[in-house]
Amino acid sequence: MSQMDQRELMLRAAQAARLRPQFLGNVFAKYETLEDLDETAMQRDLGISEADWLRLQLVRRPRASMFLKDVTAIASEFNLNRAALASVVRRADAAESLQDQRREPRREGRLLAARSRKKPKKSSNRTARKGNRHES
Amino acid sequence: MADAIDQEALDELHQRLLAGDCVASEKCCAILLEPLTAETRRKFPKVDPHLVADGVIDAILDYCDHPEKFDPADGRIDRLLAAASWRNVANRLQGEQSRKKRERKVGAKKGEADVALEPVVRKIQEEDQQRSDAKLQAMLDALASSQDREILLLRSQGERRTSEYANVLGITHLAASEQEKEVKRHKDRIIKYLGRKGFKS
């Protein structure tokens with residue numbers, strides 16, 4: 605059986621990283637789906653070589669709390685346009701948040717329906733209280 | 005071969021990973037991938053080198069994701085990763101065997117269902133099945149990745165459990181909600197791709 609060279613291993617590792625939410629590769633994979641792009645187009649848009657593109661997939665995604673610092677560090681390491689990189693990450697993150705939010709309204713709808721049925725009628729209560737006062 | 009790994013560089017990268025340095029993960033892969041893969045290949049000489057590579061890659065990426073789980077007091081990081089790689093390869097081998105068993109079962113079921121039917125009905129059903137099989141085969145042939153082919157196969161068999169897809173994708177370590185998201189993303193991607201190739205699901 606043949607040995608796998610470093611490039612082939614990096615390619616395989618990059619593909620694996622694209623499946624893992626903690627890696628930049630996954631962010632790019634989501635962005636590509638959103639924008640209907642392929643990896644070649646992404647490389648071209650970011651102005652990055654194929655070798656560096658594979659390395660970039662293996663970088664951990666910027667932390668929300670340290671977003672600017674992390675994006676700057678990544679852009680500096682790979683000689684990327686920082687704003688372009690930040691834009692890609694934010695777009696992918698925003699789409700993911702929207703997807704998460706879309707799952708929530710179904711539960712809210714059921715709660716609203718339940719609340720409206722349980723809401724007491726004010727007029728009947730007032731009538732009942734007047735009646736009680738007379739009796740006492 | 006493990007001695008080819010620069011221990012000082014690895015220790016420094018470990019600290020950088022713990023400190024949250026994003027770029028450190030890529031550098032870890034660069035120095036660990038080849039030597040660990042070579043070592044694991046020697047441990048599993050008859051196993052598909054791609055399966056071995058995937059086991060090593062999972063170990064390294066798991067480490068980069070959670071470096072705090074690797075304590076240098078337990079031993080050298082590369083030794084801990086070597087052990088993790090071996091476990092991953094063994095698990096993947098077991099997964100492969102289960103998959104082959106599943107494929108054999110599907111083949112057997114197709115034969116059993118046809119026996120009791122009326123001849124005409126059976127002929128129509130056979131023709132339908134042949135058309136369906138031919139279409140499925142064409143879709144499988146259109147997919148470049150064996151992983152994608154396996155996902156399509158599971159889908160065509162009516163598999164609904166996320167765990168089965170997650171096994172194929174190698175993402176069983178993720179939380180259930182993340183697994184669902186990733187499985188859906190891959191299914192949608194494959195269907196979209198096949199749609200562009202002229203296949204309707």
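Taken in sequence, the protein lines are chains A and B.
Residue numbers for the first sequence follow the numbering used here, beginning at 605 and rising by one.
Residue numbers for the second sequence follow the numbering used here, beginning at 5 and rising by one.
Virtual Cβ for every residue (Gly too), placed ideally from N, Cα, C.
Cross-chain neighbours of residue i in chain A, by beta carbon under 7 Å
i: B:ILE61; result: ARG616, ALA617, ALA620
Cβ distance (whole Å) where residue i is taken to contact residue j below 8 Å
i: B:LEU85; j: B:LEU140; result: Going by Cβ atoms, the distance from B:LEU85 to B:LEU140 rounds to 39 Å, so no, they are not a contact pair.
i: B:GLY99; j: A:LEU623; result: Not a contact, Cβ separation roughly 16 Å.
i: A:VAL745; j: A:VAL692; result: Nothing can be reported for residue 745 of chain A: it is not among the residues displayed for chain A, which extend from 605 to 740.
i: B:LEU22; j: B:GLU72; result: 6 Å
i: B:GLU184; j: B:THR166; result: 5 Å
i: B:ARG189; j: A:THR637; result: 7 Å
i: A:LEU641; j: B:GLU38; result: Not really, about 31 Å apart at Cβ, beyond 8 Å.
Within-8 Å CB hit, residue i to chain B
i: A:GLN610; result: yes
i: A:ILE678; result: yes
i: A:ASP649; result: no
i: A:MET670; result: yes
i: A:ARG624; result: yes
i: A:ARG667; result: yes
i: A:ARG664; result: yes
i: A:ARG659; result: yes
i: A:ALA613; result: According to the sequence provided, residue 613 of chain A is Leu. The question's Ala does not apply to it. Yes, because at least one Cβ of chain B sits closer than 8 Å to the Cβ of A:LEU613.
i: A:THR637; result: yes
i: A:GLU654; result: no
i: A:ASP674; result: yes
Of the listed residues the options, nearest to residue i (C-alpha basis)
i: A:PHE682; options: A:GLN703, A:SER653, A:VAL693, A:ASN630; result: A:SER653
i: B:LEU36; options: B:ILE64, B:ASP15, B:LYS191; result: B:ILE64
i: B:ILE194; options: B:HIS177, B:ILE81, B:GLN151, B:SER29; result: B:GLN151
i: B:ARG83; options: B:ARG164, B:ASP69, B:GLN11; result: B:GLN11
i: A:ARG664; options: B:VAL56, B:TYR67, B:CYS26; result: B:CYS26
i: B:LYS109; options: B:CYS68, B:TYR67, B:LEU158; result: B:LEU158
i: A:GLN610; options: B:ILE9, B:LEU21, B:ALA34; result: B:ALA34
i: A:PRO666; options: A:LEU615, A:MET608, A:ALA617, A:GLN626; result: A:GLN626
i: B:LEU97; options: B:LYS50, B:PHE74, B:GLN133; result: B:LYS50
i: B:LYS104; options: B:GLY79, B:ALA146, B:LEU147, B:VAL172; result: B:VAL172
i: A:PHE671; options: A:ASP697, A:GLN647, A:ALA655; result: A:ASP697
i: B:GLU186; options: A:ALA621, A:GLY651, A:LEU689, A:ARG706; result: A:ALA621
i: A:ALA688; options: A:ALA617, A:ASP649, A:GLY629; result: A:ASP649
i: B:ASP52; options: A:MET608, A:ALA699, A:GLY651; result: A:MET608
Pairwise C-alpha distance: residue j and residue i
i: B:ASP58; j: A:GLN661; result: 16 Å
i: B:SER181; j: B:ARG91; result: 25 Å
i: A:SER669; j: A:TRP657; result: 25 Å
i: B:SER149; j: B:PRO76; result: 37 Å
i: B:HIS177; j: B:ASP62; result: 10 Å
i: A:ALA677; j: B:GLN101; result: 44 Å
i: B:SER29; j: B:ASN95; result: 24 Å
i: A:ARG714; j: B:LEU17; result: Because A:ARG714 carries a pLDDT of 49, less than 50, the predicted location of this residue cannot be relied on, and no value is offered for it.
i: B:ARG164; j: A:TYR635; result: 26 Å
i: A:LEU716; j: A:LEU702; result: Only weak support exists for where A:LEU716 lies, its pLDDT of 49 falling under 50; the value from the coordinates is given anyway. The straight-line gap from Cα to Cα measures roughly 21 Å.
i: A:GLN619; j: B:SER136; result: 31 Å
i: A:LEU615; j: B:LYS196; result: 23 Å
i: B:ALA146; j: B:ASP78; result: 47 Å
i: B:LEU198; j: B:TYR67; result: 35 Å
i: B:ALA8; j: B:ALA42; result: 11 Å
i: A:ARG695; j: B:GLN134; result: 44 Å
i: B:ARG106; j: A:ARG706; result: 36 Å
i: B:ARG20; j: B:ILE81; result: 14 Å
i: A:MET646; j: B:CYS32; result: 24 Å
i: A:ALA633; j: B:ASP132; result: 37 Å
i: B:PHE74; j: B:ARG200; result: 45 Å
Any C-beta of chain A under 8 Å from that of residue i
i: B:ARG164; result: no
i: B:PRO39; result: no
i: B:SER1; result: Since the displayed chain B opens at 5 and closes at 205, residue 1 of chain B lies outside it and no answer follows.
i: B:ALA57; result: yes
i: B:LEU147; result: no
i: B:ARG193; result: yes
i: B:ARG189; result: yes
i: B:LEU158; result: no
i: B:GLY24; result: yes
i: B:PHE203; result: no
i: B:GLY199; result: no
Interface residues of chain B facing residue i [CB-CB closer than 7 Å]
i: A:VAL693; result: Per Cβ cutoff of 7 Å: no residues; A:VAL693 is ~11 Å from chain B at best.
i: A:GLU643; result: By Cβ distance, chain B contributes nothing, its closest Cβ being about 13 Å from A:GLU643, past 7 Å.
Cross-chain neighbours of residue i in chain A, by beta carbon under 9 Å
i: B:ASP69; result: ARG624, GLN626, PHE627, ARG664
Proximal chain A residues relative to residue i, where beta-carbon distance stays under 8 Å
i: B:GLU186; result: LEU623, PRO625
i: B:ILE3; result: Here chain B covers residues 5 to 205 and nothing more, so residue 3 of chain B does not appear.
i: B:GLU182; result: PRO625
i: B:PRO76; result: Under the 8 Å cutoff, chain A gives no residues; its nearest Cβ is about 20 Å from B:PRO76.
Residue-chain proximity (residue i, chain C), Cβ-Cβ < 8 Å
i: B:LEU65; result: Absent from the structure is chain C; the protein chains it does hold are A and B.
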